[in-house]
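To start, the structure under review is shown below, and the notes come after it.
4 protein chains.
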Amino acid sequence: MKHIIKPAEGKLGILLPGLGAVATTLIAGVESVKKGLSEPVGSLTQMGTIRLGKRTENRKPKIKDFVPLAGLNDIVWGGWDVYSDNVYEAATKAAVLERHHIEAVKEELEKIVPMKAAFDRSYAKNLDGTHVKTGTRYELAQQLMEDITNFKEQNGLDRVVIVWCASTEVYNEPIDIHNSLEAFEEALKNDDKRIAPSMLYAYAALKLGVPFANGAPNLTVDIPAMVELAKQTQTPIAGKDFKTGQTLMKTILAPGLAIRALGVKGWFSTNILGNRDGLVLDDPENFKTKEVSKESVLTDILNAQDSPELYGDLFHKIRINYYPPHGDNKESWDNIDIFGWLGYKMQIKINFLCRDSILAAPIVLDLALFSDFAKRAGMSGIQEWLSFYLKSPQTAPGLPAENDVFKQLIKLENTLRYLMGEDLITHLGLDYYEELVESNY
Amino acid sequence: MKHIIKPAEGKLGILLPGLGAVATTLIAGVESVKKGLSEPVGSLTQMGTIRLGKRTENRKPKIKDFVPLAGLNDIVWGGWDVYSDNVYEAATKAAVLERHHIEAVKEELEKIVPMKAAFDRSYAKNLDGTHVKTGTRYELAQQLMEDITNFKEQNGLDRVVIVWCASTEVYNEPIDIHNSLEAFEEALKNDDKRIAPSMLYAYAALKLGVPFANGAPNLTVDIPAMVELAKQTQTPIAGKDFKTGQTLMKTILAPGLAIRALGVKGWFSTNILGNRDGLVLDDPENFKTKEVSKESVLTDILNAQDSPELYGDLFHKIRINYYPPHGDNKESWDNIDIFGWLGYKMQIKINFLCRDSILAAPIVLDLALFSDFAKRAGMSGIQEWLSFYLKSPQTAPGLPAENDVFKQLIKLENTLRYLMGEDLITHLGLDYYEELVESNY
Amino acid sequence: MKHIIKPAEGKLGILLPGLGAVATTLIAGVESVKKGLSEPVGSLTQMGTIRLGKRTENRKPKIKDFVPLAGLNDIVWGGWDVYSDNVYEAATKAAVLERHHIEAVKEELEKIVPMKAAFDRSYAKNLDGTHVKTGTRYELAQQLMEDITNFKEQNGLDRVVIVWCASTEVYNEPIDIHNSLEAFEEALKNDDKRIAPSMLYAYAALKLGVPFANGAPNLTVDIPAMVELAKQTQTPIAGKDFKTGQTLMKTILAPGLAIRALGVKGWFSTNILGNRDGLVLDDPENFKTKEVSKESVLTDILNAQDSPELYGDLFHKIRINYYPPHGDNKESWDNIDIFGWLGYKMQIKINFLCRDSILAAPIVLDLALFSDFAKRAGMSGIQEWLSFYLKSPQTAPGLPAENDVFKQLIKLENTLRYLMGEDLITHLGLDYYEELVESNY
Amino acid sequence: MKHIIKPAEGKLGILLPGLGAVATTLIAGVESVKKGLSEPVGSLTQMGTIRLGKRTENRKPKIKDFVPLAGLNDIVWGGWDVYSDNVYEAATKAAVLERHHIEAVKEELEKIVPMKAAFDRSYAKNLDGTHVKTGTRYELAQQLMEDITNFKEQNGLDRVVIVWCASTEVYNEPIDIHNSLEAFEEALKNDDKRIAPSMLYAYAALKLGVPFANGAPNLTVDIPAMVELAKQTQTPIAGKDFKTGQTLMKTILAPGLAIRALGVKGWFSTNILGNRDGLVLDDPENFKTKEVSKESVLTDILNAQDSPELYGDLFHKIRINYYPPHGDNKESWDNIDIFGWLGYKMQIKINFLCRDSILAAPIVLDLALFSDFAKRAGMSGIQEWLSFYLKSPQTAPGLPAENDVFKQLIKLENTLRYLMGEDLITHLGLDYYEELVESNY
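Chains as they are written, first to last, in the UniProt record's numbering: chain Z, 1 to 441; chain U, 1 to 441; chain Y, 1 to 441; chain G, 1 to 441.
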């Protein structure tokens with residue numbers, strides 16, 4: 001039975017808080033793809049296929065041909081930033097893309113000018129931008145809602161989604177003011193500085209029924225108040241922290257060790273990067289937010305409670321180093337101390353010469369398109385099936401997160417199959433062999 | 001509904017053609033575990049857990065507590081080899097395990113003496129053993145059947161299984177004599193040298209209804225004649241080539257790239273190892289058998305037909321180098337040239353300091369115990385659900401193999417759940433959120 | 001006392017057999033440097049400094065300011081190739097340099113058109129160029145001499161030097177026809193195919209008193225006949241095989257292990273590269289020439305005769321793999337098994353993401369300028385002080401080569417100091433401390 | 001002319017402040033070597049050879065056969081520690097050596113019991129030992145002198161040397177009380193806590209004319225007061241910081257890049273180790289001492305002043321991470337961003353799986369034997385020729401240190417040749433070729 005999904009008619013606005021390396025790489029890339037100059041590699045919605053039915057049916061449509069998503073030509077870009085550079089200027093400074101890629105879409109990029117950001121420097125000390133709004137927390141939230149409404153009207157949009165692409169904020173744990181919508185709104189009125197700027201964007205979005213996905217490890221929508229608001233306004237939310245680079249590798253490799261019942265004694269991960277993200281994370285308070293997000297991944301996949309003999313002694317250490325010579329070309333090195341049969345030791349070393357924004361950009365696109373799809377499918381609140389893209393997935397209260405990227409994908413794919421009325425896939429496949437003697441039952 | 005499975009009563013004989021590094025590491029290990037001196041790390045049947053029911057139920061028994069498998073204390077070992085060393089001597093020469101691990105089970109190992117092998121040096125030129133049977137192909141097969149029958153009787157065994165642990169044979173493609181049981185038995189009578197020695201073991205086993213799993217990349221049971229025989233005698237078979245080391249890493253990492261729609265342009269894999277396996281593979285004809293097995297893995301996971309933009313240009317090269325300084329401590333180095341958003345290039349380098357036999361030993365154990373379990377569950381012919389352990393999985397004719405190790409695990413786990421009457425797991429999990437408005441349907 | 005050296009007046013012709021990746025990278029680079037667009041990094045003659053006198057004097061001129069070398073503006077380029085592309089076209093195809101670097105000197109490069117090569121495909125099977133001379137070996141040598149003479153006259157040159165930049169020829173050992181100038185010239189007249197094409201260039205050069213340096217591992221000038229001719233015509237020669245990439249790293253690292261008396265048990269070196277050099281070396285016969293050159297390096301530095309306890313068991317294996325995805329971006333991976341105190345094992349892994357031609361180009365420049373300098377300084381025959389640049393240094397008969405790159409540099413520097421009348425440096429430096437009591441003597 | 005050197009008669013006491021991993025590995029090793037069970041690999045004095053005369057003479061004696069050093073059988077061990085374990089117990093806890101290596105010399109090791117240490121926890125917060133002396137700084141120095149004198153008498157020793165093997169102290173810069181012997185002794189009397197514990201050992205040693213070498217990066221003997229005292233009592237001193245592991249690799253590799261005029265833009269070095277040294281360095285103040293010592297190395301070898309185009313922008317970052325799973329098996333990973341011809345970028349990655357104490361132990365032995373030799377040769381004060389073993393070499397005031405390990409070796413070897421009346425080696429070697437025409441002069 002197929003679920004009822006509203007068609008993707010009209011234009012879709014994608015608003016991005018933070019028009020830095022990731023956002024500009026995304027926007028320039030989509031514009032380049034629209035002109036037929038490049039391929040949107042890394043985007044599941046654009047390039048990925050999905051198996052339907054039995055293996056022997058050989059049905060593997062592209063996801064975008066299977067599910068009614070907004071088309072790239074229907075996207076309109078906007079955003080906020082603490083620097084006033086337009087997207088052409090910002091992309092040039094970010095220096096992720098080569099000159100010729102940026103120049104080819106210069107006209108399109110120049111038109112996109114950031115709105116003033118709702119910013120509080122105590123949440124990101126290493127940033128010095130001045131293109132910022134003024135006012136109390138409450139006033140800032142109101143201004144953001146106006147920004148969204150104006151953006152929608154001025155561009156004649158049918159729908160809008162927001163994906164947080166700005167820097168990591170300093171570490172915070174959920175406290176009383178986050179625990180209910182009422183408490184949150186009360187704090188907002190009191191201009192409570194414990195409300196992080198990112199929460200203002202999330203609040204403004206959800207109030208207007210605009211889906212919100214969070215690409216940084218800040219709490220943002222991962223507090224009861226926001227979940228409550230999301231349900232109230234029938235709005236999908238997803239978070240948190242884009243899963244790229246080293247953590248992506250971890251959620252690929254760690255399940256591979258776990259399924260083979262190989263033990264892990266130590267996992268040392270270091271990163272060197274020289275972009276603005278690296279600069280922000282050079283501050284210990286901001287790093288802590290990231291660290292917590294990165295660490296939880298292993299704790300879940302290599303489960304010490306279920307398998308104390310294998311993972312009870314795991315020592316996990318993560319380092320991020322600001323290293324200007326590499327720019328956006330983040331590089332990670334992992335040393336993994338594993339043990340096998342009778343406890344014999346082995347080692348795995350992984351050196352990933354990656355590109356941070358190149359890996360993140362297609363994730364933003366997918367989160368935007370899937371969030372919009374979820375809204376049209378009548379889904380609201382936490383979208384756990386999007387945890388495939390996220391380092392630290394938000395789940396229902398008390399529900400353990402699934403960090404294994406392969407299980408996350410099955411969840412995503414089976415969700416799509418379910419909504420589109422296709423059979424779920426279990427990989428059982430015993431019927432190909434007919435070897436089960438009936439009388440055995 | 002639970003399937004009917006005969007209980008694992010009595011003793012289980014495990015017969016191993018090839019009592020070299022892998023087999024002796026397995027035997028010494030199990031004996032060590034039985035004495036409480038070590039843990040059978042890497043063995044899913046012994047250490048692995050399986051999730052049952054919903055995530056919130058938190059049911060995760062050990063597999064051996066969920067499925068009726070033979071216990072370690074019920075195992076009796078035997079085997080064949082071209083060298084006459086008993087298992088204590090062979091383990092000492094193999095030098096995989098440290099001195100103290102071998103000495104602690106010396107008494108048990110010394111008792112296990114190889115039977116003479118059915119060997120033909122034209123299938124493994126770099127081996128010079130002389131502990132071999134004589135006779136025509138037909139006579140050799142008869143002798144092997146006698147060996148199996150005697151072993152069972154003399155040890156008072158209830159059941160026997162065989163796992164091929166000997167060297168890789170030279171490359172061969174299936175020809176007419178492999179195409180039907182009749183043609184095979186005709187060739188056998190004619191002493192046709194195109195019947196590989198490994199096929200004689202498989203034939204002898206299947207004739208007697210003894211499950212046979214193949215740990216090398218030789219054809220062996222992967223020919224129509226053997227499948228026919230297996231069905232005839234209601235015997236499970238599984239093949240081929242233990243998935244360890246570099247290929248294991250490949251089937252972990254490659255799916256991780258594919259699910260993210262990242263492109264792969266080149267994959268260079270080199271190995272250095274100094275054990276007998278390395279010596280045999282130093283011969284180009286034997287290496288070819290291995291190469292074909294190793295190469296197919298990527299072709300399947302990174303599917304050029306489905307995603308020509310991502311995998312159409314993939315250049316894949318594999319090298320194995322005999323390097324005595326490392327002994328059994330196989331080491332692999334992979335360079336993977338990937339590309340992401342707009343085609344931007346990135347690189348992954350993996351250096352795996354592994355131990356070949358340490359990774360293989362628990363696989364032999366699991367294949368033996370699961371094959372015996374399959375027999376008792378009334379399953380026969382190809383056991384695709386055991387492809388989790390194999391580099392080059394044997395499937396039903398025309399059915400594409402599944403090489404993604406994560407899908408292979410789901411297949412294995414859902415097979416166990418199915419046989420034991422538990423719900424299959426789909427990772428859908430939308431019910432935790434209740435967010436689907438009923439009227440939407 | 002200062003040696004008498006003729007000044008570097010007038011123009012210097014540099015003729016390069018083989019206008020491929022290395023040569024075109026050199027030429028485009030020098031032209032770019034002349035326009036002030038780039039720096040000649042990697043060239044000792046252009047960027048290097050030399051310490052003179054005592055440490056406390058702090059005298060460290062650039063080498064080009066210390067020794068009278070030809071200036072870059074006085075260089076005129078020429079060469080031969082089996083393909084007829086001009087240097088602009090060849091540089092474009094080689095794809096070593098980025099587009100903008102080549103375009104900036106397009107005009108200069110287009111003017112340089114190769115003369116037809118003296119070629120014999122049985123010496124390089126994987127090359128298929130047809131821009132070749134015809135005739136007997138003798139006639140080819142005569143034609144090459146005419147080429148050189150014409151090039152000198154037409155360009156109004158004062159001096160000419162030749163550096164072999166073409167591919168590696170198939171493996172050959174010195175035989176009777178190489179043993180004396182008389183035997184060589186007799187063989188030449190007989191059109192003896194055992195005379196390699198590269199020897200024809202060397203012969204033509206030396207006959208005309210033109211210095212010749214050999215950048216490939218072929219014998220070429222490393223035979224008694226050529227040494228005899230060089231002495232006769234007062235011409236410097238140098239060879240063989242440019243020391244770049246992995247071997248450079250080896251001659252840096254191996255001395256470092258040796259001076260600390262650390263043992264080495266195994267050294268595995270693999271390379272992946274996708275340029276024409278990689279294609280030629282994919283042929284086993286050509287690879288052998290390279291292998292011999294690469295292997296001798298370690299044998300000399302890690303001396304098993306002097307230190308059998310440390311290097312007596314060294315297993316050294318080198319592999320070169322043709323891997324198109326990398327193009328000219330050669331990459332090497334080394335695993336080195338070392339041992340220290342009481343024999344405890346340690347490992348070093350080196351992954352060098354290098355660029356073959358980028359490392360080779362400045363070596364060609366230095367060899368050309370130093371060879372010309374040597375000629376003007378009245379030096380002739382083997383120039384061992386240039387072994388700093390070479391994998392397999394040519395020495396006087398019976399004299400063991402020095403492969404340690406640091407000792408090679410001291411030899412080079414002390415040669416320059418000696419010729420320029422400066423004190424040789426011994427690094428003794430006890431005089432800074434005056435601690436030696438006179439009466440002790 | 002040969003220098004007069006007193007013979008190595010009688011017994012030599014080697015006293016080691018800090019009987020931890022390094023010292024116990026040294027002692028157990030020498031005892032093992034004395035019994036013929038192991039080789040003293042890594043020790044230049046025991047295993048190294050030295051070339052004498054011309055290359056063609058082929059004279060390469062072992063250093064210990066060339067220079068009159070104390071023999072291993074004449075060594076008597078002693079030391080101080082903040083823990084009271086005897087050397088057998090301490091070696092067992094350090095777990096550097098395998099069980100059987102320690103057991104084989106158990107009897108010898110048990111006899112060596114530490115004297116109480118002169119300790120001040122504010123100099124090493126992460127250490128909690130209580131086997132310590134009490135008293136003012138002055139009294140502690142007196143007690144140490146008594147310890148040395150008693151040790152010498154009770155063991156009937158001819159000579160004693162001291163090598164500092166204890167932990168790194170917190171960072172300190174030289175101040176007024178270090179500037180002259182007078183000021184230092186005044187401070188001593190005033191119980192000035194700015195005198196580091198290590199200085200008390202050095203003072204006690206030098207007062208008694210006992211040579212002192214410093215294996216940690218603390219100031220210790222690297223202050224004018226100690227140099228003054230050393231000259232006064234005719235005593236050799238050497239410092240500071242044993243050059244092992246990553247820094248050894250740096251002083252091997254960096255000169256290799258510099259001599260080829262290759263640029264370096266970034267050098268990132270990370271270390272993971274789990275021994276007591278790692279624990280002490282986990283404190284930022286102690287790490288700083290180490291960091292300063294490690295950083296200076298590159299600044300000197302890759303000289304930005306001499307070659308601003310190549311090294312002016314070098315970004316150098318060093319990290320040390322406490323990582324218990326590795327124990328004493330320190331592992332380093334370096335990423336080096338270099339550039340060549342026209343500025344093209346290349347990368348070198350080095351992964352060194354080393355063993356900290358295995359590399360350090362032979363250095364302690366060599367420093368001890370060479371310091372004793374220097375004393376007998378009438379040398380006093382700073383022994384710069386021993387900088388070969390040290391990360392941060394102490395030199396005469398105003399004299400720039402030489403950090404290139406290859407130049408350091410030449411200095412060491414030429415010092416030995418000089419003292420033994422052999423020709424210094426310059427590697428000129430032009431005489432092998434006779435190619436210089438006399439009339440050219």
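Using N, Cα and C, we set each Cβ at its ideal position, and we do this for glycine too.
Against chain Z, does residue i count as a neighbour if the rule is that its beta carbon must be under 7 Å from one of theirs?
i	result
Trp341/U	yes
Asp328/G	no
residue 475/U	Residue 475/U lies beyond the residue range present for chain U, which begins at 1 and ends at 441; the question has no answer from this structure.
Gly79/G	no
Please check if any C-beta of chain Y sits within less than 7 Å of the C-beta of residue i.
i	result
Lys411/G	yes
Lys250/U	no
Would residue i count as contacting chain G if we go by Cβ distances under 7 Å?
i	result
Thr299/Z	no
Leu12/Y	no
Any heavy atom of the ligand COA closer than 6 Å to the CB of residue i?
i	result
Asp356/U	Absence of the ligand COA from the depicted structure is noted, as is the absence of any ligand whatsoever, leaving it without description.
According to DSSP, is residue i helix, strand or coil?
i	result
Ser387/Z	helix
Pro174/Y	coil
Asp431/Y	helix
Lys193/U	coil
Asp241/U	coil
Looking at C-alpha atoms only, which residue of the options is the closest neighbour of residue i?
i	options	result
Leu208/Z	Ile410/Z, Lys391/Z and Glu146/Z	Glu146/Z
Ala95/Z	Lys294/Z, Pro325/Z, Pro40/Z and Asp337/Z	Pro325/Z
Val297/U	Glu285/U, Asp283/U and Leu314/U	Leu314/U
Asn190/Y	Tyr322/Y, Glu169/Y, Ile177/Y and Tyr201/Y	Ile177/Y
Does the beta carbon of residue i sit closer than 7 Å to a beta carbon anywhere in chain U?
i	result
Ile123/Z	Contrary to the premise, residue 123/Z reads as Tyr rather than Ile in this sequence. No, Tyr123/Z does not count as interfacial toward chain U.
### Task
Taking only beta carbons into account, state which residues of the region 271–282 of chain Z come closer than 8 Å to chain G, listed in chain order.
Legend: CB atoms of the region 271–282 of chain Z lying less than 8 Å from CB atoms of chain G belong to residues Ile272.
### Message
Whether or not the region 22–41 of chain G and the region 100–117 of chain G are in contact is what I'm after, with contact meaning three or more pairs of Cβ atoms, one per stretch, closer than 8 Å; do they touch?
### Response
Below 8 Å, enough C-beta pairs join the region 100–117 of chain G and the region 22–41 of chain G to call them touching: three or more.
#### Entry: the region 302–310 of chain Z contacting the region 373–386 of chain Z, beta-carbon criterion three pairs below 8 Å
Taking 8 Å as the limit for Cβ pairs, the verdict is that the region 373–386 of chain Z does not touch the region 302–310 of chain Z.
### Query
For the region 290–320 of chain U, which residues have a beta carbon sitting closer than 7 Å to at least one beta carbon of chain Z?
For the region 290–320 of chain U, residues whose beta-carbon sits nearer than 7 Å to a beta-carbon of chain Z comprise Asp306, Ser307, Glu309 and Leu310.
### Message
So if I threshold CB-CB distances at 9 Å, which residues from the region 14–36 of chain Y count as touching chain G?
### Response
Thr25, Leu26, Ala28, Gly29, Ser32 and Val33
### Task
Could you say if the region 77–96 of chain U and the region 401–410 of chain U meet the contact criterion of at least three C-beta pairs nearer than 8 Å?
Output reads no: the region 401–410 of chain U does not touch the region 77–96 of chain U.
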